[in-house]
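Counting in this note's numbering, the sequence shown runs from 4 upward without gaps. In this text, a Cβ means the ideal position worked out from N, Cα and C, and glycines have one as well.
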Amino acid sequence: MENISSESISFWKEKSKKFVDELYSESLKEKAISLERPLVTLTYAQSLDGKIAGPDKKAIPISSEPSFIMTHYIRNSNHGILVGIGTILNENPRLSTRYTYSSTEANQPIPVVLDSQLRIPLASNILEQGRNPIIFCLDLGPGKSQSKKKQLEALGAQVYECPNIAGHVSIEYCLKVLFKCGIKSLMVEGGSQIIQAFIESIQENSSMVDLLIVTVAPCYIGASGTPLLAPANPASSNVLPNFTSSNYQVSYSQFGPDIVLATTIS
Ligand SMILES: NC(=O)c1ccc[n+]([C@@H]2O[C@H](COP(=O)([O-])OP(=O)(O)OC[C@H]3O[C@@H](n4cnc5c(N)ncnc54)[C@H](OP(=O)(O)O)[C@@H]3O)[C@@H](O)[C@H]2O)c1
4 MENISSESIS
14 FWKEKSKKFV
24 DELYSESLKE
34 KAISLERPLV
44 TLTYAQSLDG
54 KIAGPDKKAI
64 PISSEPSFIM
74 THYIRNSNHG
84 ILVGIGTILN
94 ENPRLSTRYT
104 YSSTEANQPI
114 PVVLDSQLRI
124 PLASNILEQG
134 RNPIIFCLDL
144 GPGKSQSKKK
154 QLEALGAQVY
164 ECPNIAGHVS
174 IEYCLKVLFK
184 CGIKSLMVEG
194 GSQIIQAFIE
204 SIQENSSMVD
214 LLIVTVAPCY
224 IGASGTPLLA
234 PANPASSNVL
244 PNFTSSNYQV
254 SYSQFGPDIV
264 LATTIS
């Protein structure tokens, strides 16, 4: 990612605030009051050929610094930020807000990880002091996993055991728990399996996405890159959403060379 001047950073921070604050419209805020789960914003960055990382899931820079500043403003605007364990193992992200957008300190969202088998390494960046992540796993039973749970709790994490849906934790259940923990807004950042699970929910009766924000960067990663979605299973009846109909209002804005597309899901 190219370094940009401090004047440019201020410009893109202002533009980020304007664009993102408009997306969190009054009607979306009203919707949030009636939900018994957090208001969910699904967001990710992709290349022109629909890839979200390099070969072997290696994290590579995709978006430009202006859209990075915008993404960090979304982090700043949410109580929690959720990723799957695959992203923790591949990237060891901090999931923090890197910029301040006003004279006050940046809001640091609470990291949330879906991790059925508690594979999260104890040295993960999100387990740094003060971050107090929330980790969802499956029923652990007695033994080794219970001691891992205790080690994670000693580092400040809250670990919840969840119902099993097809071998994974039930996302619906996790969202209800998060709401009870005071997380009223949640940014979902990836990786591909988690993005897919949330996108597929849009076509079901109970969508778990309220706002979709996608950064499209003008680059190709190539066939060996990590695709946004898994190859379609011919036996699956999952229909993916289509936002070209007039039921959806799609807005867009340019951040550096990238285009950011957004739509609310009613
Ligand atoms: N470009 C972007 O915006 C962006 C953002 C984030 C990540 N990424 C990239 O995404 C890649 C990682 O993607 P990934 O698919 O390997 O990992 P992922 O989506 O982060 O995590 C997938 C794992 O989450 C766990 N999981 C728990 N509950 C689940 C559920 N209900 N549904 C689905 N999964 C559930 C599963 O592991 P268990 O069964 O063990 O629980 C699953 O293997 C990395 O390359 C990373 O760099 C890109």
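Rounded to the nearest whole angstrom, the C-alpha separation of C184 and V115 is 12 Å. With a threshold of 7 Å, the Cβ atom of V219 does not count as near ligand 1, since no heavy atom of the ligand is closer than that. Taking a 10 Å sphere around the C-beta of T100, we find 16 or more other C-beta atoms and assign the residue as buried. Annotation: the continuous alpha helix (DSSP H) that includes C177 extends over I174 to K183.
Here the segment 93 to 113 makes no contact with the segment 46 to 54; the two share fewer than three CB pairs at distances below 8 Å. Taking the C-beta atoms as reference points, L141 is found nearer than 8 Å to S119. One thing to note: I268 has its Cβ no nearer than 8 Å to the Cβ of V219. Ligand 1 has a heavy atom closer than 7 Å to the beta-carbon of Q196. Taking C-beta atoms under 8 Å as the contact rule, V162 and I186 fail to qualify, at a distance of about 15 Å. Pairing R40 with F182 gives a Cβ-Cβ distance under 8 Å. Of the candidates L42, P69 and G57, P69 places its Cα closest to the Cα of F22.
With respect to the 8 Å criterion, N81 and S188 are classified as neighbours on the basis of their beta carbons. E108 sits in coil when the DSSP states are folded into three classes, being neither helix nor strand. Taking 8 Å as the upper bound for CB-CB distance, L231 and K54 are in contact here, some 7 Å apart. Residue environment analysis places Y27 among the buried positions, since at least 16 neighbouring C-beta atoms fall within 10 angstroms of its C-beta. Annotation for D24: the continuous alpha helix (DSSP H) segment containing it runs S9 to L26.
Scanning its chain for C-beta atoms nearer than 7 Å, with the 5 sequence neighbours on each side dropped, one finds around G259 the residues S67, E68, P69 and S70, in chain order.
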